[in-house]
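*Asks:*
Numbering (the working numbering), first residue to last: 191 to 293.
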């Protein structure tokens, strides 16, 4: 099911990792509760999809970002679980460096 397999170089993953900042933001609710009252915004932590898109531009990876329609507008969305692959590679690179330093 998976052809053309190749390990992504740690330096490439590190560039992506360094380009994406963890952000806190207010999520503005665009809907109302059952009584029609506007829902309050929520304070959240996460990533900005546009930042991730810029960081992975040119990789050809199609499984991290997608989009969905809401209120007639197309919104960019993230699959946070796929970002674990980037984090995994960066951590493996750091682990190799620590092991070398401890030798």
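No residue lacks a Cβ here, since even glycine has one placed at the ideal position from N, Cα and C.
Note that the coordinates shown come from a computational prediction; the quantities given were computed from them, not determined experimentally.
Measuring only the C-alpha atoms, how far is residue 205 from residue 227?
*Replies:* Using only the alpha carbons, I get a separation of about 44 angstroms.
*Asks:* Out of 269, 216 and 198, state which residue places its alpha-carbon closest to the alpha-carbon of residue 234.
*Replies:* Comparing Cα-Cα distances from residue 234 to each of 269, 216 and 198, the minimum goes to 216.
*Asks:* Within the region 249-285, note down every full beta strand (DSSP E) run reaching 3 residues or more, in order along the chain.
*Replies:* Qualifying beta strand (DSSP E) stretches, in chain order: 255-260 and 263-268.
*Asks:* Look at residue 256 and residue 269 and say whether their C-beta atoms are less than 8 angstroms apart.
*Replies:* Yes, they are a contact pair.
*Asks:* For residue 287, which option in 194, 192, 200 and 193 has the closest C-alpha, if you only look at C-alpha atoms?
*Replies:* Taking only the C-alpha atoms, the option nearest residue 287 is 200.
*Asks:* Under the three-state reduction of DSSP, which class applies to residue 240: helix, strand or coil?
*Replies:* Note: residue 240 maps to helix in three-state DSSP.
*Asks:* Could you spell out where the alpha helix (DSSP H) holding residue 204 opens and where it closes?
*Replies:* Looking at the DSSP string, the run of the alpha helix (DSSP H) that includes residue 204 is 200-209.
*Asks:* Are the CB atoms of residue 279 and residue 191 nearer to each other than 8 angstroms?
*Replies:* Their beta carbons are not under 8 angstroms apart, which means residue 279 does not touch residue 191 by this criterion.
*Asks:* Roughly how many angstroms separate the alpha carbons of residue 231 and residue 213, rounded to a whole number?
*Replies:* Going from the Cα of residue 231 to the Cα of residue 213 covers about 16 angstroms.
*Asks:* Does DSSP put residue 212 in a helix, in a strand, or in coil?
*Replies:* The answer is coil: DSSP assigns residue 212 none of H, G, I, E or B.
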